[in-house]
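A.B. asks: Residue numbers (our numbering): 7 to 403. Just so it is clear, CB atoms sit at the ideal spot from N, CA and C, and this is done for glycine as well.
(1) Spatial neighbours of residue 169 within its chain, please: C-beta separation below 6 Å, excluding the five flanking residues on both sides.
(2) Just curious, the alpha helix (DSSP H) that residue 272 is in, first and last residue?
(3) Please report the Cβ distance between residue 260 and residue 167, rounded to the nearest whole angstrom; I am assuming they are in contact, meaning their Cβ atoms lie under 8 Å.
(4) Which of helix, strand or coil does DSSP assign to residue 382?
(5) With which residues is residue 230 paired in a DSSP beta bridge?
(6) So, do the region 219-233 and the region 155-166 have three or more beta carbon pairs nearer to each other than 8 Å?
(7) For residue 100, which residues from the same chain have a beta carbon less than 7 Å from its beta carbon, with the 5 sequence-adjacent residues on both sides left out?
(8) Determine the contact status of residue 234 and residue 153, defining contact as a CB-CB distance below 8 Å.
(9) Between residue 83 and residue 307, is the Cβ-Cβ spacing less than 8 Å?
(10) Determine the direct distance from the alpha carbon of residue 117 to that of residue 95, and round the result to whole angstroms.
(11) Do residue 127 and residue 291 count as a contact pair if the criterion is CB distance below 8 Å?
(12) Which value, in whole angstroms, describes the spacing of the CA atoms of residue 30 and residue 65?
(13) Would you kindly report the start and end of the unbroken beta strand (DSSP E) that includes residue 140?
(14) Roughly how many whole angstroms lie between the Cα atoms of residue 401 and residue 105?
(15) Hey, how far is the Cα of residue 298 from the Cα of residue 262?
(16) Give the C-beta separation of residue 184 and residue 387 to the nearest angstrom, bearing in mind that I take them to be a contact with Cβ-Cβ under 8 Å.
(17) Residue 255 by DSSP, collapsed to three states: which one?
(18) Taking 8 Å as the threshold (C-beta atoms), are residue 114 and residue 86 in contact?
(19) Alpha carbon to alpha carbon, how far is residue 177 from residue 342?
(20) Note down, in chain order, each residue of its chain lying with its Cβ closer than 6 Å to the Cβ of residue 39, except the 5 sequence neighbours on either side.
(21) Measure the C-alpha to C-alpha separation of residue 239 and residue 327 and round it to an integer number of angstroms.
(22) Quick one: Cα of residue 217 to Cα of residue 271, how far?
(23) Hey, how far is the Cα of residue 300 from the Cα of residue 244?
(24) Just how far apart, CA to CA, sit residue 207 and residue 42?
(25) Looking at the unbroken beta strand (DSSP E) that takes in residue 177, where does it start and where does it end?
(26) Would you list the residues sitting across from residue 85 in a DSSP beta bridge?
(27) Taking three-plus beta-carbon pairs below 8 Å as touching, is the region 366-376 in contact with the region 329-336?
(28) Thinking just about the alpha-carbon of each residue, which of 391, 362, 305, 252 is nearest to the one in residue 142?
(29) Residue 188 and residue 323 - do their beta-carbons sit closer together than 8 Å?
(30) Which residue or residues does DSSP assign as beta-bridge partners of residue 213?
(31) Which residues does DSSP list as the beta-bridge partners of residue 153?
(32) Rounded to whole angstroms, how far is the Cβ of residue 288 from the Cβ of residue 339, which I believe are closer than 8 Å?
(33) Where does residue 134 fall in DSSP's three states?
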């Protein structure tokens with residue numbers, strides 16, 4: 007699974023925000039200026055696939071860059087109570103991945119880290135939990151949008167604590183289809199040719215930014231029924247053509263559930279006088295070198311269950327009118343006619359003299375000679391400005 011810098015932001019903010027909170031007056035604690043860069047551990051031990059852990063360093067809350075320095079050249083491995091170790095190999099950006107695809111179930115595991123500076127860290131041993139299957143994952147039409155529901159259960163009642171992550175992908179098009187392309191830098195008198203690369207059809211993928219958890223502890227059965235995972239308004243651009251969502255389900259221990267609930271409270275419910283004050287959150291990763299050193303993160307252990315569904319625009323109410331607001335200003339098309347009397351400049355050079363625009367359709371004289379083009383800005387013509395024109399491998403069409 008992909009790891010995001012937003013997760014690192016949650017971990018750092020949830021531990022430091024409590025120091026910066028004040029009812030009325032602004033308070034800037036010394037920790038903001040201390041210059042300390044604590045270890046941030048982002049990831050979990052995957053019992054049914056490759057384990058990926060991102061290591062980085064915290065930044066001060068008053069740091070405007072928002073960039074978390076990766077922790078590189080560390081030695082990282084998974085360890086069980088019997089002493090068996092599984093090494094993680096380093097990738098760019100401070101990401102460490104284990105080659106092993108499956109861990110023996112029913113055992114306790116922890117993560118061990120040794121930095122290039124010689125500092126050692128370890129997470130607490132935790133039992134590898136078996137995540138139950140997803141019983142149902144579907145979208146249901148509501149009056150003002152699409153509600154996505156998920157259901158799961160565990161007959162053995164060994165789960166009780168659930169967490170979900172999801173990534174959304176949708177297909178979209180630019181406002182105009184460009185049929186022509188200029189050969190930049192050429193000295194040809196007619197430096198244009200038919201466009202072969204499709205910059206009209208694109209796809210965009212976004213990862214969930216919310217922490218989604220629930221518990222069945224207070225229920226007689228360990229069953230989640232019709233949990234409201236996500237709501238998509240009927241006007242959302244995601245529903246213009248074909249939409250897909252991949253959900254991943256994780257089983258958690260009570261300690262991990264409590265951790266994510268606290269992180270959620272600290273990061274999603276702040277900003278007004280009536281919101282609860284942020285609290286200091288203790289994860290399960292500790293320094294073996296200096297017990298007083300703060301370490302950010304919680305490393306759980308479980309198998310992962312995932313399911314992908316597709317929603318076609320044709321299956322939704324006809325009166326819904328999804329709007330792609332990024333093309334709201336793409337209503338007017340400019341016209342460029344090449345000035346044949348201006349010697350010394352070819353069509354591309356003259357066209358580029360105006361503003362950087364992309365040709366759409368050709369303009370011809372009665373004899374068929376191309377003398378100009380309709381055109382628009384790249385934001386209106388090139389869909390790659392907002393996504394990728396490489397079709398995802400899982401896309402059905």
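C.D. replies: Put simply:
(1) 219, 256, 258
(2) 260-274
(3) 6 Å
(4) strand
(5) 158
(6) yes
(7) 60, 61, 62, 76, 77, 78
(8) yes
(9) Against a cut-off of 8 Å, the Cβ pair of residue 307 and residue 83 comes out as no contact.
(10) 13 Å
(11) yes
(12) The predicted model places residue 30 with a pLDDT of 48, which falls under 50 and marks its position as unreliable, so this point remains unresolved.
(13) 140-147
(14) 27 Å
(15) 22 Å
(16) 5 Å
(17) strand
(18) yes
(19) 31 Å
(20) For residue 39, the pLDDT reaches just 49, beneath the cut-off of 50, and the residue's location in the model is therefore unreliable, leaving the point undetermined.
(21) It is roughly 10 Å from the alpha-carbon of residue 239 to the alpha-carbon of residue 327.
(22) Here the alpha carbon of residue 217 sits roughly 10 Å from the alpha carbon of residue 271.
(23) 41 Å
(24) 46 Å
(25) 167-179
(26) 91, 116.
(27) no
(28) For residue 142, the nearest C-alpha among the options comes from 252.
(29) no
(30) 173
(31) 146, 237
(32) About 59 Å separates the two Cβ atoms, so there is no contact after all.
(33) coil
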